[in-house]
Amino acid sequence: MPAVAKVVGVARTLTAEELPGLQRALGQQLSVAWHDGPLHFLGAGEAAVQDGPVVAQALATAARTPVEVTGPVLAPPAPWFCGFDFDATSAKDAWWESFPAARALVPRLLLAHSPEVATLTAYEAVGEDGEAAARTRAEEALRRALVRAAPAEAAAPARRAAGVREDVRAWEALVGRALDALRAGMLRKVVLARALDVTAEGPLDVARALERAQAQAGGAVVFAFRAPDGTTFLGASPERLVRVRGRHFTTQALAGSAPPEEAERLASSPKEVWEHAAVVEDVRSALDAVAETLEVGDVSPVSLGYVVHLDARIEGTLRPGVTPLQAALALHPTAAVSGAPRDRARAFLRAQERLARGWYAGGVGWVGAEAADLRVALRCALVRGPAARLFVGAGVVEGSTAAGEWAETRRKASPMLQALFGETL
54 MPAVAKVVGV ARTLTAEELP GLQRALGQQL SVAWHDGPLH FLGAGEAAVQ DGPVVAQALA
114 TAARTPVEVT GPVLAPPAPW FCGFDFDATS AKDAWWESFP AARALVPRLL LAHSPEVATL
174 TAYEAVGEDG EAAARTRAEE ALRRALVRAA PAEAAAPARR AAGVREDVRA WEALVGRALD
234 ALRAGMLRKV VLARALDVTA EGPLDVARAL ERAQAQAGGA VVFAFRAPDG TTFLGASPER
294 LVRVRGRHFT TQALAGSAPP EEAERLASSP KEVWEHAAVV EDVRSALDAV AETLEVGDVS
354 PVSLGYVVHL DARIEGTLRP GVTPLQAALA LHPTAAVSGA PRDRARAFLR AQERLARGWY
414 AGGVGWVGAE AADLRVALRC ALVRGPAARL FVGAGVVEGS TAAGEWAETR RKASPMLQAL
474 FGETL
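And the structure:
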């Protein structure tokens, strides 16, 4: 897609009375959503899009494109929201056909709010008619949005039309092949994924699912990206890929899983501790070429309510000249979603997993020339009309069992099933 020269925006502060109507209006026609703790962003339409089959090229073009806003605005420092594949060399299936390897967009309307303030910004790409004309179009779009916004009735919860379709035998065979590769010394760890297919009695309400996901998110970031054909990718990611401000970066090593009642066992389990250490080692190795300094924090359990993981904060300073995108792509995909050694794990997954991951276990967030905040796309689903495909995964190391990892993936599926249907397996 051709690059955009510049994007301009016009922003206005909202009153408490205007916010609910705009939330519902944009939620029903969203192109992107990003809910990170107290900060909430809902985007509708597309003012500018950059996509393509080469992740680095598509996102770098977007990150270099300036976005200039007039008026009070609460927004990410770089309003190019983006998503990209776990493995851009892998084939797509019918579920992912409308999602390119990488896509970045600036929404036409972006509602942003925190506990203190709410703003609405209208964006327009600068075309041949010039920057002044683009600003005039943005001002008109902002005016129309404020006039038309009105509270809407919430849809009734969707009900499942049938049971969840999942294949335990295929999972057992895949885990068996992974354990064979581990015993042969080909791998130290591999993260396997599977899909759960669910159908509702009527079209699924993405806006309502996002509200439910936020209510149970804990420390996760809730996100959604809508493709041009209406298919929506949404989830609640507990894992940061990288956050960059200038040269300072923050990432994390998140691995190991247990039910909440087994948090104490998790921290002392040799299998789980070893799995987490493999992720720390992978992050260190990945950042070696781009980081000037790096510090790994203490390892501790972190609870998401339905599951507990081992977590360690990792931060440091990038080398001069390294961009936020370069730091992200150096880390992606970490051992937490692929395995170790990374190249061998990805080769194994291409040959054996037989699942089109698409953006699952890829990256989602926003990116710019000097800043970025990207999460690993986990605990997520694709929604198309009444149908949903959920993606879940588990790390297999020596000592893993198919039954144990199956139970882990079912725990990880529970929050998205709750968000979509108000019930779990």
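Read in order, the letters of the sequence shown correspond to residues 54 to 478 in the numbering used here.
Think of the CB as a built atom: it goes at the ideal place given N, C-alpha and C, for glycine as much as any other residue.
- Look at H362 here: in three-state DSSP terms it is strand.
- Across the structure, A86 and A270 are spaced so that their CA atoms are roughly 14 Å apart.
- Under a 10 Å Cβ-count criterion, G438 is classified as exposed, with fewer than 16 other Cβ atoms of the shown protein chains found around its own Cβ.
- Two segments are said to touch when three or more pairs of C-beta atoms, one from each, lie closer than 8 Å; by this definition the region 323-335 touches the region 360-367.
- For D396, the secondary structure class from DSSP, reduced to helix, strand or coil, is helix.
- Under the DSSP assignment, A456 falls in the alpha helix (DSSP H) whose first and last residues are 455-474.
- DSSP, reduced to helix, strand and coil, places Q81 outside both helices and strands of the structure shown, so it counts as coil.
- Under a 10 Å Cβ-count criterion, G255 is classified as exposed, with fewer than 16 other Cβ atoms of the shown protein chains found around its own Cβ.
- With respect to the C-alpha of A262, the residue from A400, D282, G272, G288 having the closest C-alpha is G288.
- Take the alpha-carbon of C135 and the one of A330: they are about 30 Å apart.
- Taking 4 residues as the shortest admissible run, the region 86-127 contains the following complete alpha helix (DSSP H) segments, listed from N- to C-terminal end: 108-117.
- Going by DSSP, P354 is part of the beta strand (DSSP E) stretching over 353-356.
- Each of L245, M239, R236 was checked against the Cα of A223, and the nearest Cα belongs to L245.
- Separation of the CB atoms of A144 and A472 is rounded to 28 Å, and the pair is thereby denied contact status at 8 Å.
- When the alpha-carbon of W412 is set against those of G74, R366, A115, F276, the nearest one is in F276.
- In the three-state reduction of the DSSP assignment, G62 falls in the strand class.
- Counting only unbroken stretches of 3 or more residues, the beta strand (DSSP E) elements lying wholly within the region 141-215 are 155-159, 162-166, 171-178, in sequence order.
- When the Cα atoms are used, H385 and R337 turn out to be separated by approximately 12 Å.
- Taken through DSSP and simplified to helix, strand or coil, S322 comes out as coil.
- Looking at the DSSP output, S290 sits in a beta bridge with V274.
- C-alpha of G415 to C-alpha of D396: approximately 16 Å in a straight line.
- Annotation: Q379 is outside any beta strand (DSSP E); the continuous alpha helix (DSSP H) that includes it extends over 377-384.
- Cα atoms of S391 and A398: separation of roughly 6 Å, rounded to the nearest angstrom.
- Within the same chain, L378, V420, G421, A422 come within 6 Å of A116 by CB-CB distance, once the 5 residues on both sides are set aside.
- In its chain, beyond the 5 residues on either side, V63, R65, L173, A175 have a beta carbon closer than 7 Å to the beta carbon of L195.
- In this structure, the straight-line span from the alpha carbon of A393 to that of A339 is close to 12 Å.
- In terms of CA proximity to G452, K242 leads the group K242, E219, L75.
- Pairing G180 with A248, the inter-Cα distance amounts to about 42 Å.
- In the DSSP assignment, W224 falls outside any beta strand (DSSP E) and within the unbroken alpha helix (DSSP H) covering 221-236.
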